[in-house]
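Single-structure report; data block below.
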Amino acid sequence: MLAKPPRAERQVEYRAPGAIRRTATLLRRRLPFTTIVVAVMLVLSVASGTLWSAVEDSAMFPYVAYGLPSTEAGHWWTLLVGPFFAVVPLFYLPMVGSFALFVGFAEWRLGTRRTIVLSVATQIVSVLAAVGFLALVRDSGWDWAERAGTLMDVGYSGGALAMLAIAAAAIRSPWRLRIRAGLVTYVSVAVIYVGSFADLVHFFAVVIALPLGPKLVGRHRAQRMGRPSMREWRLFAGVGLFLLTVAEIVMWLVPAEGPFGSSTAVSLSGLELTVLCAVVIPMLNGLRRGSKLAWWCSIGLTAFVTAQGVLLAGLLSLIDLFSGGYESGGLSLFFVDNLLWTAELMLLIVARGAFRVPSRRTLRQAWKHEADDSTTARKLLARHGGGSVSWMSTWPENSYFVSADGDSYLAYRRHARVAVALGDPIAPDGGSGRTVTEFVDHCDQAGLVPCVFSATADVLATTKELGWQQVQVAEDTLIDLETLQFRGKAWQDVRSALNKAAKEGIEFRLVTLAEQPRAVISQVRAISEEWISDKGMPEMGFTLGGVDEAMDPRTKVGLAIDTSGTVHGVTSWMPVHRPSDSEAGVVGGWTLDMMRRRTGGFRPVMEFLIASSCLAFKESGATFVSLSGAPLARSADDGPANAAERVLDSLGSMMEPYYGFRSLHAFKAKFKPRCEPMYLAFRDEADLPRIGIALGQAYLPNTGLWQLAKLARTAKR
């Protein structure tokens, strides 16, 4: 019997890194079919030599390729063998990649058994449909049909595209509609302008799979979200115009003999193509934003192309009438091409309601008018009450969306063409949902991307009905004052701060900062400026106030002052209103905003200030205080749940050395608060990059990209 190796030797045994092991386990358990097929493709490509030499040039090609000649020769096995090869070595990358992506996604969503049956069936059916079609039209005198009838192909692309079309029925809106539109556009343009046997297989695969998708996905079918939104109509119109332009470029660069004739006869000249691109590019950006001017220009362009087709059709009819016919290899393609431009024109007309965004000058005038609505906002806030961040909506940098009935509003910031709403709507009971819906319509009309930052569960219920997504961005920390007592071992640090302050002659004052002597205000500003300079970065804004916000007469400020009049620390507290008929409003709680301490001053000054403020607010009748939510921070036992939260978690780690959000969140845990999550609600993942830029500009409006890049490099080191 062999002896065991020494312990030291056993320790050097190689172990795969954890990420590799987890990936292998994931592929084996969740994607076994996709993994096995990809592995077989790669093994066969090496064994047969087709990874470096084209299979279409080898002697085995007639015995592995499917098509009409293979079917007539009785090579039925090609339907099962052909999908594992690529025509040329370069095609292995797109073939294997698309299979892994499309079929892997379908297997993830629909399960392995269903994916095996559907992918194999759709691959075989799409090939047989293409073969049957060519068999019917091969002898019709159609030149393309005669050529295509002699072609053969390999690859699993038909089944892969069909699986994506089927899996789309299990995807939530608006991605479901986008994927379907993209598939239909791709296979239609390919079969019209190129028309290879592979394109014909792709066309039948998508045409067969799309209508059957909702039935085939079974219980995995996603909820239907209704008609396309304004944003979707803009997307379809822009993508349609883009693809038509791309088709013109392809016909000029790569002339081909498609089903409807040669593209050489109908392609534009180099000068005409340059003019078309110069005209279309600004139109595409305008259509994406919903610009009325871009819509009119697009209508003019598509109408001009369509009119050309109509005039030429009439002219050719006259020629046919008087001269006995007109023959041209590209005539059919010309009419099909113009038919697509006509379809784009019809799409623009149908979607005309989505293109009402006025010019930027008109928008600037409207936004300037909106910015003067802070007085209305304060009146509505006093009437309806709000949450812990609602007072921030009255800060001067905000713009305001007021509902149609004038009884509710949302404050928001505009950056990077994104409207970042701050907190829940200020609205009467039951009116938040209507306000959010009207705000979204307002943003669509103005060409802005809407989102809601620091939203609570109440708003999430409304946004979920709209099909929105959410990601946690902070945690609100709340202290209930009615039961607050600094007793027991858990409160030892807080009691020690209060006792030590009394011994050292530190006095607590809850004041209105604007009414204090100039010497006190000057000290507060000096402490704040010193704190900012230590960070090496500018002071953040948006949901983080400073001395200017603390000067508001409605805001309370806690000061720690010694017997010589020196200010050791300062906190500011924003009022939280509850519903009231009083014009001044009724304050039910307070939210902590600014926290600053003097360098070298009373060490536990923050514990002292917060505890003293809580006791003072409790005596005045307040029922709670919010220590506010530190951005990009959450409880230690609540890890990031999705990709967006993981990105925010990484961003929080990068910002921690400079702003200490997580350290601040941990400090607040001393006061045993209850935590309520705060969310970013957004329409779909495609908006996240732009929203991220907008939030960065909102928090750091005076910080450029170079400073942010420098910050990231320093934090990484």
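Going by the working numbering, the sequence shown runs without a break in its numbering and finishes at 1054.
Each residue gets a CB set at the ideal place from its N, CA and C atoms; glycine is no exception.
*So, helix, strand or coil for Q860, using DSSP?*
helix
*Taking the alpha-carbon positions, what's the E956 to S950 distance?*
10 Å
*Kindly indicate which three-state DSSP category E944 falls into: helix, strand or coil?*
helix
*What is the DSSP secondary structure of H557, counted as helix, strand or coil?*
helix
*Could you give the residue range of the alpha helix (DSSP H) that holds V418?*
T415 to V418
*Should K906 go down as buried or exposed, given a rule of 16 or more other Cβ atoms within 10 Å for buried?*
What sits at residue 906 in the sequence shown is Gly, not Lys. G906 should be labelled buried.
_If I follow the unbroken alpha helix (DSSP H) through L803, where does it start and stop?_
Premise fails: L803 is in no alpha helix (DSSP H) and is neither H nor E.
*Just confirm the distance between the C-beta atoms of G627 and M683, as a whole number of angstroms; I'd bet it's less than 8 Å.*
Contact doesn't hold; Cβ gap of about 19 Å is too wide.
*For C788, count neighbouring C-beta atoms within 10 Å of its own C-beta (all shown protein chains included) and say buried if the count is 16 or more, exposed if not.*
buried
*Cα separation between A505 and V576?*
19 Å
*Output the residue ranges of the beta strand (DSSP E) runs that lie fully inside the segment 997–1031 and measure 3 residues or longer, sorted by chain position.*
1011–1019
*Specify, as a first and last residue, the run of the alpha helix (DSSP H) that K840 falls within.*
Q829 to K840
*asked:* For V755, tell me which candidate among V591, G1029, T892 and A838 has the shortest Cα-Cα distance.
replied: G1029
*How would you write the range of the alpha helix (DSSP H) that Y493 sits in, first residue to last?*
Y493 -> no alpha helix (DSSP H), and no H or E assigned at all.
_Straight-line Cα distance separating V531 from L803_ = 40 Å
*asked:* Considering just the uninterrupted stretch of the beta strand (DSSP E) at M620, what are its terminal residues?
replied: Segment G607 to R626 is the alpha helix (DSSP H) holding M620; no beta strand (DSSP E) there.
*Return the chain-ordered list of same chain residues with a C-beta closer than 7 Å to the C-beta of F659, the five sequence neighbours on each side being excluded.*
Only weak support is given to the placement of F659: the predicted model assigns it a pLDDT of 49, under 50, and the value that follows is read from those uncertain coordinates. Taken in chain order, the list of residues that qualify is empty.
*asked:* Helix, strand or coil for Q853? Go by DSSP, reduced to three states.
replied: coil
*How about T892 and V913: are their beta carbons less than 9 Å apart?*
no
*Compare the beta carbon distance of P1014 and A798 with 9 Å and say whether it is the shorter of the two.*
no
*Taking 9 Å as the cut-off, decide whether the C-beta atoms of M931 and G878 are in contact.*
no
*Outcome for N836 when other beta-carbon atoms lying within 10 angstroms are tallied against a minimum of 16*: exposed
*Beta-carbon proximity of V544 to D536, cut-off 9 Å*: no
*Excluding the five sequence neighbours on either side, which residues of its own chain have a C-beta within less than 6 Å of the C-beta of F823, listed in chain order?*
V831 and R832
*asked:* Bridge partners for T793 per DSSP, in chain order?
replied: BP columns for T793 are empty, so no partner.
*Report yes if the CB atom of L605 is closer than 9 Å to the CB atom of L613, and no otherwise.*
yes
*Can you tell me whether DSSP reads S407 as helix, strand or coil?*
helix
_Among V796, G760 and P548, whose alpha-carbon lies nearest the alpha-carbon of G770?_
V796
*For V861 versus A897, is the C-beta spacing smaller than 9 Å?*
no
*asked:* Within a Cβ cutoff of 7 Å, which residues of the same chain sit near R446, ignoring the five residues on either side of it in sequence?
replied: A504, A507 and H557
*With DSSP collapsed to three states, give me the class of G595.*
strand
*Measure the C-alpha to C-alpha separation of Q806 and A1031 and round it to an integer number of angstroms.*
18 Å
*Taking K716 as part of the alpha helix (DSSP H), name the residues at either end of that continuous run.*
S711 to H721
_Delimiting residues of the beta strand (DSSP E) encompassing G906_ = V904 to R915
*Evaluate D490 with the Cβ neighbour count: other Cβ atoms within 10 Å of its Cβ, from every protein chain shown; 16 or more gives buried, anything less gives exposed.*
buried
*asked:* Using a Cβ-Cβ cutoff of less than 8 Å, which residues in the same chain neighbour T849 once the five nearest sequence positions on both sides are dropped?
replied: P890, T892, K893 and V894
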